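**Student:** Adding 175 to a residue's 1-based position in the sequence shown gives its number in the numbering used here.
A virtual CB, placed ideally from N, CA and C, is assigned to each residue, including glycine.
Just so we're clear, the structure is a prediction, and the values are computed from it rather than from any experiment.
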Amino acid sequence: MAPFIRGSLRRPWIGGTAGIVLLIGMWWLLTSRMHGNSSFPTPLAVVRSVFEDGWTFYMRNISSTLGRAAAGYLWGNLIALTLATIVLALPHLEEIVAQIGVVTNCLPITAVGPLIMVIFGGRTSAIVLSAMLVFFTTLIGSLVGLKSAPQGTLDLITAYGGSRWTQIRKVRLISAIPSVMAALQVAVPGSILGAIVGEYLGGIDGGIGVALNAAQRQIQPDRVWALSIITGLLSLLGYGLIGLLGRIITPWAKEATR
176 MAPFIRGSLR
186 RPWIGGTAGI
196 VLLIGMWWLL
206 TSRMHGNSSF
216 PTPLAVVRSV
226 FEDGWTFYMR
236 NISSTLGRAA
246 AGYLWGNLIA
256 LTLATIVLAL
266 PHLEEIVAQI
276 GVVTNCLPIT
286 AVGPLIMVIF
296 GGRTSAIVLS
306 AMLVFFTTLI
316 GSLVGLKSAP
326 QGTLDLITAY
336 GGSRWTQIRK
346 VRLISAIPSV
356 MAALQVAVPG
366 SILGAIVGEY
376 LGGIDGGIGV
386 ALNAAQRQIQ
396 PDRVWALSII
406 TGLLSLLGYG
416 LIGLLGRIIT
426 PWAKEATR
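Next comes the structure, spelled out in structure tokens:
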């Protein structure tokens, strides 16, 4: 057991796979003891539902949601990185910018969602909600990364006659990259969740949120579970891809954690 645990720590995918297998096993065990509960389908029933609904149904809804999530991810990160860059140039604005991020994060999405839908309507509301859930994570991660530069290195640049711009270009930006990449990675599930909530509120003719709403109204628990699980897998996939990109871009960060 101990070697397996040590191997899991070195290779996170081993622990992740073991966790998924354990969850499926627990799911199967619970549903096998609840034969009369149609709202809690077995894993086999969920898989059967996916095949019955077909490739066209899922790809149409998944592509719609991913398109809106990608737009929200782009805009949320762009705004967050822009504000972080402004703070880098004007440090005295950091508290104001951080408060903006905190306010957006504290707003309950289920309460703000209807207002955003009234203001923007339809597809745009899903993109705005997606961007909102992305914004805070990337903003705070970027601000933390920009402040992570070693003070000794900054002092050394100053001692050799380097300017503030030299500190930013040579040290601060490079030191911030691992933190920014981690924030971009964590923001992926938020962008998908925001897009689905926007679709769920209405005014859109396709997407995972629309399909979930319809499945609930038509009392189709197998489809609800299938859509929910696929959403989770999409979030995990995006999270993993950004994490892989971060490892490629910042190999020194990986070495530093060993």
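1. If I follow the unbroken alpha helix (DSSP H) through P218, where does it start and stop?
2. Compute the Euclidean distance between the alpha carbons of A389 and W400, then round it to the nearest angstrom.
3. Figure out for me which residue from D330, L376, A370, G296 has the closest Cα to the Cα of G251.
4. Please state the DSSP three-state secondary structure of Y375.
5. Evaluate A324 with the Cβ neighbour count: other Cβ atoms within 10 Å of its Cβ, from every protein chain shown; 16 or more gives buried, anything less gives exposed.
6. Can you tell me where the alpha helix (DSSP H) with I271 in it begins and where it stops?
7. Using only the heavy atoms of the ligand MG, determine whether one of them is closer than 8 angstroms to the beta carbon of V196.
8. Give me the Cβ distance between A362 and G421, rounded to the nearest whole Å; I'm assuming they're in contact under 8 angstroms.
9. To the nearest angstrom, how far is it from the Cα of G247 to the Cα of G336?
10. Does the count of Cβ pairs from the region 375–385 and the region 236–243 closer than 8 angstroms reach three?
11. May I have the straight-line CA-CA distance separating P289 from G320, to the nearest angstrom?
12. CB S366 to CB A244, shorter than 9 angstroms?
13. For I373 versus S305, is the C-beta distance shorter than 9 angstroms?
14. Just the Cα atoms here: how many angstroms apart are W203 and T217?
15. Counting only the same chain and skipping the five closest in sequence on each side, list residues whose C-beta sits under 7 angstroms from that of L329.
16. Using only alpha-carbon positions, find the residue among W230, L263, R398 that is nearest to L348.
17. If you follow the alpha helix (DSSP H) that I417 is part of, which residue opens it and which one closes it?
18. For L331, count neighbouring C-beta atoms within 10 Å of its own C-beta (all shown protein chains included) and say buried if the count is 16 or more, exposed if not.
19. Exposed or buried, A386, counting other C-beta atoms within 10 Å across all chains shown (16 or more means buried)?
20. In whole angstroms, give me the CA-to-CA distance for Q326 and T312.
21. Would you say S403 lies against chain C (beta-carbon separation less than 9 angstroms)?
22. Return the residue from the list S403, G413, T425 that minimises the CA-CA distance to V225.
**Tutor:** Result, derived from the coordinates:
1. The residue given as residue 218 occupies position 43 in the sequence shown. Run containing P218: 218–264, per the alpha helix (DSSP H) assignment.
2. Position 214 of the sequence shown, counted from the first residue, corresponds to residue 389. Position 225 of the sequence shown, counted from the first residue, corresponds to residue 400. Using only the alpha carbons, I get a separation of about 13 angstroms.
3. Against the sequence shown, residue 251 aligns to sequence position 76. Checked all of D330, L376, A370, G296; the closest Cα to G251 is A370.
4. Translated into positions along the sequence shown, residue 375 becomes position 200. It is helical.
5. Numbered from its first residue, the sequence shown carries residue 324 at position 149. A324 comes out buried.
6. Counting from one through the sequence shown, the residue named residue 271 turns up at place 96. Looking at the DSSP string, the run of the alpha helix (DSSP H) that includes I271 is 269–281.
7. For the ligand MG, the structure offers nothing, since it holds no ligand at all.
8. Here the question's residue 362 lines up with position 187 in the sequence shown. Here the question's residue 421 lines up with position 246 in the sequence shown. Rounded, the Cβ-Cβ distance is 12 angstroms, inconsistent with contact.
9. Taking the first residue of the sequence shown as position 1, residue 247 is located at position 72. Taking the first residue of the sequence shown as position 1, residue 336 is located at position 161. Rounded to the nearest angstrom, the two C-alpha atoms are 42 angstroms apart.
10. yes
11. Residue mapping note: residue 289 aligns to position 114 of the sequence shown, counting from 1. Residue mapping note: residue 320 aligns to position 145 of the sequence shown, counting from 1. Going from the Cα of P289 to the Cα of G320 covers about 34 angstroms.
12. Your numbering for residue 366 matches position 191 in the sequence shown. Your numbering for residue 244 matches position 69 in the sequence shown. Contact: yes.
13. On the sequence shown, position 198 is the one that residue 373 refers to. On the sequence shown, position 130 is the one that residue 305 refers to. First, the amino acid is wrong: residue 373 is Gly here, not Ile. Yes. Within cutoff.
14. Here residue 203 refers to the residue found at position 28 of the sequence shown. Here residue 217 refers to the residue found at position 42 of the sequence shown. In a straight line, the C-alpha of W203 is about 6 angstroms away from that of T217.
15. Position 154 of the sequence shown, counted from the start, is the residue given in the question as residue 329. Taken in chain order, the residues that qualify are Q342, V346.
16. Indexing the sequence shown from 1 puts residue 348 at position 173. For L348, the nearest C-alpha among the options comes from L263.
17. Position 242 of the sequence shown, counted from the start, is the residue given in the question as residue 417. First-last of the alpha helix (DSSP H) with I417: 396–424.
18. Position 156 of the sequence shown, counting from 1, holds the residue named residue 331. Exposed, because fewer than 16 other Cβ atoms sit within 10 Å of the Cβ of L331.
19. One-based indexing of the sequence shown puts residue 386 at position 211. Buried: at least 16 other Cβ atoms inside 10 Å.
20. Here residue 326 is taken as the residue at index 151 of the sequence shown, counted from 1. Here residue 312 is taken as the residue at index 137 of the sequence shown, counted from 1. The alpha-carbon atoms of Q326 and T312 are separated by roughly 25 angstroms.
21. Checking the listed chains, one finds no chain C in this structure; it contains a single protein chain.
22. The residue given as residue 225 occupies position 50 in the sequence shown. Among S403, G413, T425, the Cα nearest to that of V225 is on S403.
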